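In what follows, a single structure is set out as structure tokens and then discussed.
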Amino acid sequence: MKAVVLAAGRGERLWPLTEETPKPLLPIANNSILERTLEALVQAGIRQIVLIVGFRSEKIRQRLGNGKAIGAEIKYVRQKSQKGTADAVGSCSKELVGDDRFLVLYGDDYYGTSVPRTFLAKARQNSGITVGTANVQDASSFGKIEFKRGLVTEILEKASKAGPGQVNAGIYLMDQSIFPAITKTKRSVRGELELTDALRILVSNGQPVYAQALGSRQWLGISYPWDMLEANRWILESEKSVFKGTVEKGVQVRGPVVLEEGSVVKAGSYLEGPVRVGKRCYVGPNSYLRPFSTLGDDVKVGAGCEVKNSIVMRHTKIPHLSYIGDSVIGEDCSFGAGTITANLRFDEAEVKSKVRRVWVNTGRKKLGAVLGDRVRTGVNVSIFP
287 MKAVVLAAGR
297 GERLWPLTEE
307 TPKPLLPIAN
317 NSILERTLEA
327 LVQAGIRQIV
337 LIVGFRSEKI
347 RQRLGNGKAI
357 GAEIKYVRQK
367 SQKGTADAVG
377 SCSKELVGDD
387 RFLVLYGDDY
397 YGTSVPRTFL
407 AKARQNSGIT
417 VGTANVQDAS
427 SFGKIEFKRG
437 LVTEILEKAS
447 KAGPGQVNAG
457 IYLMDQSIFP
467 AITKTKRSVR
477 GELELTDALR
487 ILVSNGQPVY
497 AQALGSRQWL
507 GISYPWDMLE
517 ANRWILESEK
527 SVFKGTVEKG
537 VQVRGPVVLE
547 EGSVVKAGSY
557 LEGPVRVGKR
567 CYVGPNSYLR
577 PFSTLGDDVK
587 VGAGCEVKNS
597 IVMRHTKIPH
607 LSYIGDSVIG
617 EDCSFGAGTI
627 TANLRFDEAE
637 VKSKVRRVWV
647 NTGRKKLGAV
657 LGDRVRTGVN
667 VSIFP
């Protein structure tokens, strides 16, 4: 069986992190969203992968190559312009001639490692197309799936009101019937050709489309930077301690910590897991890494620093006496001594973030900074949420 992975989008709501990096290559727990998905596919026995690329496609090609490094065979198809998910799937129809059934999933959402395997095991028992769904506390921001006895009855672009529900998780077991439906699909109110609209056509024509619920914490839509923090948390919660680097005498470790090759933790530092430290990192002396923090490869955290519940991408330098809390920091940043990311409003209200000129409630009382690649700060700089 082949898998089609949609990885052409830019991810504008994740700006400035996606200014130069395509959304699927953003890191979660020091591995890109896309690579995690591809590795899960290989574990499920799917090695023939059609990868739909678009924005900054050369970076994806450079990172993944032909897929041999992860045991896959990758065929690239370029979506010339990002017209929507239906257009993306339709663009690879020639690569799927003769394939009765194939898996489709989004390359920029988080899926648990076992999702492709467990989803396929059940979906293969159905005679037609199967849509993966996930239960969320607020379905108003997602495409809601309504079904009865396992058969989809309605696919809503957005739920009419806030509240829990089953939503589209962006993973499908499809067959050739999807392509005629795509040719009949019209642009949505967003101006895009939506895969869900193509499925709606099939449902309205009486073709059975099945719904298959994923397990708890097995899918997370990565729409905003704080979604990256949530996915990072989910992954770290399940990790066990691995020490491949050097830990000097006098370092205290509590909870699960992953320390990768070539990294050094200097004396007096305190690592409170779950924490992941990438390759060739330098931490300390007397630094504090708090739970749910991930340092990418070649990151330096200097003396007397504290990092809490944050993603710090590769090659970034955080010098002495700095605090990074509840933040997402891009690649190759360099901070002046005493840089502080404030992460709590004085009134302790939920933090709002401006996304594409619109204020969005993050739903978090604690959220620090979201900084793009190569940001520089001077000494004693404070960044407020």
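First residue of the sequence shown? That's 287 in the working numbering, and the numbers climb one at a time after it. Note that beta-carbon positions come from the ideal geometry of N, C-alpha and C, so glycine has one too. Since we're looking at a predicted model, the values are computed, not measured.
Let's test the definition: count the other Cβ atoms within 10 Å of the Cβ of Trp505 and tell me whether it reaches 16, buried, or not, exposed.
Trp505 comes out buried.
Relative to the C-alpha of Val533, which candidate in Ser573, Arg435, Glu525, Leu389 has its C-alpha closest?
Nearest C-alpha to Val533: Ser573.
From the DSSP output, in three-state form, read off Ser474 for me.
coil
Distance check for Thr439 and Val489, CA to CA, integer angstroms please.
7 Å
Should the stretch 300-310 be called in touch with the stretch 326-336, which here means at least 3 C-beta pairs below 8 Å?
no
Among the residues of its own chain, which have a CB less than 6 Å from the CB of Ile669, if the five just before and after it don't count?
Thr627, Ala655
Beta carbon of Thr471 nearer than 8 Å to that of Leu479:
yes
Tell me whether Lys345 sits in a helix, a strand or coil according to DSSP, three-state version.
helix
According to DSSP, which residues form a beta bridge with Thr580?
Arg562, Ile597
Best match in Leu437, Phe529, Gly477 for proximity to Gln493 [C-alpha to C-alpha]
Leu437
So if DSSP puts Leu442 in a beta bridge, which residue, or which two residues, is it bridged to?
Lys430
Going by DSSP, what residue range makes up the beta strand (DSSP E) through Gln498?
Where Gln498 is concerned, the enclosing beta strand (DSSP E) stretches over 495-499.
Rounded to a whole number of angstroms, what is the C-alpha to C-alpha distance between Val665 and Val614?
20 Å
Given 8 Å as the limit, is there contact between the stretch 559-576 and the stretch 584-595, that is, 3 or more CB pairs closer than that?
Contact between the stretch 559-576 and the stretch 584-595 is present, because at least three Cβ pairs lie under 8 Å.
Does DSSP put Val363 in a helix, a strand or coil?
strand
Ordered list of beta strand (DSSP E) runs contained in the stretch 488-556, each at least 3 residues:
495-499, 538-540, 543-545
With respect to the alpha helix (DSSP H) encompassing Thr323, which residues constitute its N-terminal and C-terminal limits?
319-329
What residues in its chain sit with their C-beta under 6 Å from that of Val646, if we drop five residues either side in the sequence?
Excluding positions up to five away in sequence, the list reads Ser639.
Could you check the C-alpha separation between Asn491 and Cys619 for me, to the nearest Å?
Going by the C-alpha atoms only, they are around 53 Å apart.
Span of the alpha helix (DSSP H), counted from its first residue to its last, around Phe670:
For Phe670, there is no enclosing alpha helix (DSSP H), as DSSP gives it neither H nor E.
Supposed contact pair Thr419 and Leu500 - C-beta distance, whole angstroms, cut 8 Å:
7 Å
Do you know how far the Cα of Val551 is from the Cα of Leu382?
50 Å
Less than 6 Å between C-beta atoms, sequence neighbours within five positions excluded: which residues of the same chain meet that for Arg486?
Ile441
So is Thr469 buried or exposed if we call it buried at 16+ other beta carbons inside 10 Å?
exposed
Sequence-distant residues of the same chain with beta carbon closer than 6 Å to Lys430, five excluded per side:
Leu442, Ala445, Gly451, Val453
Report all residues from its chain with a CB closer than 8 Å to the CB of Gln334; omit the five preceding and five following residues, and keep chain order.
Met287, Lys288, Ala289, Ala358, Glu359, Lys361
CA-to-CA distance, Ala409 to Leu391, given in whole angstroms:
14 Å
Quick one: what's got a C-beta closer than 6 Å to Val563's C-beta in the same chain, skipping five residues either side?
Leu545, Ser549, Leu581
So, using beta-carbon positions, are Gln365 and Ile346 closer together than 8 Å?
no
Alpha carbon of Pro542 to alpha carbon of Tyr510, nearest angstrom:
27 Å
Measuring only the C-alpha atoms, how far is Gly376 from Gly456?
16 Å
Could you round the C-beta distance between Ser518 and Ile597 to whole angstroms and report it? I think they count as a contact, below 8 Å.
Per the sequence shown, residue 518 should be read as Asn rather than Ser. About 6 Å separates the two Cβ atoms, so the contact holds.
Could you give the distance in angstroms between the alpha-carbon of Leu575 and the alpha-carbon of Ser318?
22 Å
Tell me whether Arg435 is buried or exposed, calling it buried when 16 or more other Cβ atoms sit within 10 Å of its Cβ.
exposed
I need the boundaries of the alpha helix (DSSP H) containing Ala635, first residue and last residue.
Where Ala635 is concerned, there is no enclosing alpha helix (DSSP H), given that its DSSP letter is neither H nor E.
So, do the stretch 512-528 and the stretch 554-562 have three or more beta carbon pairs nearer to each other than 8 Å?
yes
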